[in-house]
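Residue numbers (full-length UniProt numbering): 1 to 356. Read through the structure below, which is laid out as structure tokens, and then see the notes.
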Ligand SMILES: *Cc1c(COP(=O)(O)O)cnc(C)c1O
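See below:
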């Protein structure tokens, strides 16, 4: 850590580590947190001196606006370790830019780039033992911002807290998922906040997703709110369709989150010589492709699960099973991405960001 950073962040180290109590072979996603957390408050019109302190509960007034109006945004990223013990982030600049895009939409002040990166670096050094080497292991990082000002008038807050908490992770969904295509509920609409990682986007999906789960589907593929004719994305993943040997994914817009994994898959497809069309895709087209056998794969793409294959989908009472393609693109993209993330293959686009 440079002295510059040391001066900029106030660090209070945990006196003992919880790491010996953690079973790294049996991790449930997002349940266990590392020894430290990063905290930076916004008040008097500016971001104050950042701090790293032991992970702990905190006191916030019941009137804080986040509790009433959901003025909150978050990010999801991962740190990886190679067999030599080097630590890497994957395209973190994308997450930095996106949290500020999300913040701007939610009238939250933008967070400074140097605080974001210095905070991540200092935290990953302190909690480095929590990042286990090996493909599949990672440390999930959750930067987020909440409106903390104790005032319940319905207007943007004058005080915020930016934080980063870290949770050791194994692969997210291991099993292929069955998905339901949305016909009634919507995740986002034109002019709305679908492109932002705004907290309320996720809370609003829990109820329709629980209905889908009762019918035996783990996830929903959301369609456009006005016609429900166009396939957009899943709950926390962008979605790809493979028809014969061609990949198709929806273009991003203000309803769809611009995923880092999606972007990376599109680039890798080009590198691997796989034709990938970025265009609107209809439910009708996918159902027809499922009927005539040209639909080979559907998979989700997102940081948590990396690539998540879909084994079946339902729409308007019709259920289509998708038999796993041998030489699946899902598997190919997953291993290609994991190998880059874990420093096992060449990084020709400069996606790895080493923590030194
Ligand atoms: C986070 C998220 C994704 C995936 O984005 P990544 O940057 O690849 O993790 C896709 N869709 C939604 C709605 C998301 O919240």
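Glycine residues also receive a C-beta, built at the ideal position from the N, C-alpha and C atoms. All figures in this text were calculated on a predicted structure; none of them were measured in a lab.
Item                                                                                                                             : Value
Other residues of its chain near residue 377: CB distance less than 8 Å, five sequence neighbours each side excluded             : There is no way to answer for residue 377, as the model of the chain reaches only from 1 to 356.
Residue 230 versus residue 223: straight-line alpha-carbon distance, rounded                                                     : 5 Å
Under the three-state DSSP convention, the category residue 2 falls into                                                         : With a pLDDT of 45 at residue 2, under the threshold of 50, the modelled position of that residue is not reliable, and the figure given next carries that caveat. If DSSP states are grouped into helix, strand and coil, residue 2 belongs with coil.
DSSP state of residue 219 mapped onto helix, strand, coil                                                                        : strand
Where residue 283 falls: helix, strand or coil (DSSP)                                                                            : helix
Min CB distance residue 45 to chain C below 8 Å                                                                                  : Annotation note: the requested chain C is absent from the structure, which comprises a single protein chain.
Closest by C-alpha distance to residue 47, when choosing among 160, 266 and 170                                                  : 160
The stretch 79-94 touching the stretch 122-136, judged by at least three CB pairs closer than 8 Å                                : yes
Cut-off 6 Å between Cβ atoms - residues of its own chain near residue 234, not counting five sequence neighbours on either side  : 219, 221 and 300
Which listed residue (124, 25, 88 and 265) has its alpha carbon closest to that of residue 307                                   : 265
Sequence-distant residues of its chain with Cβ nearer than 8 Å to residue 270 (five each side left out)                          : 276
Neighbour-count burial assignment, residue 349, 16 or more Cβ in a 10 Å radius                                                   : exposed
Paired residues, beta bridge with residue 300 - DSSP                                                                             : 239 and 308
Candidates 158, 50, 148 and 56: closest to residue 15 by CA position                                                             : 56
Outcome for residue 309 when other beta-carbon atoms lying within 10 angstroms are tallied against a minimum of 16               : buried
Ligand 1 heavy atom lying under 7 Å from the CB of residue 283                                                                   : no
Chain-order list of residues whose beta-carbon lies under 8 Å from that of residue 33 (same chain, five-residue window excluded) : 55, 165, 166 and 167
Cβ shell of residue 3 (< 6 Å), same chain only, five flanking positions each side left out                                       : Interpretation of residue 3 is limited by its pLDDT of 47, a score under 50 that renders its predicted location unreliable; no figure is taken from the coordinates.
Closest by C-alpha distance to residue 151, when choosing among 64, 204 and 141                                                  : 64
Per-residue DSSP class, three states only, for residue 179                                                                       : strand
Inter-stretch contact at 8 Å, needing at least 3 Cβ pairs: the stretch 102-118 / the stretch 334-346                             : no
8 Å Cβ cutoff met for residue 99 and residue 121                                                                                 : no
Whole-Å CB distance - residue 258 paired with residue 191, under 8 Å assumed                                                     : In fact, because the Cβ distance is near 17 Å, the residues do not count as touching under 8 Å.
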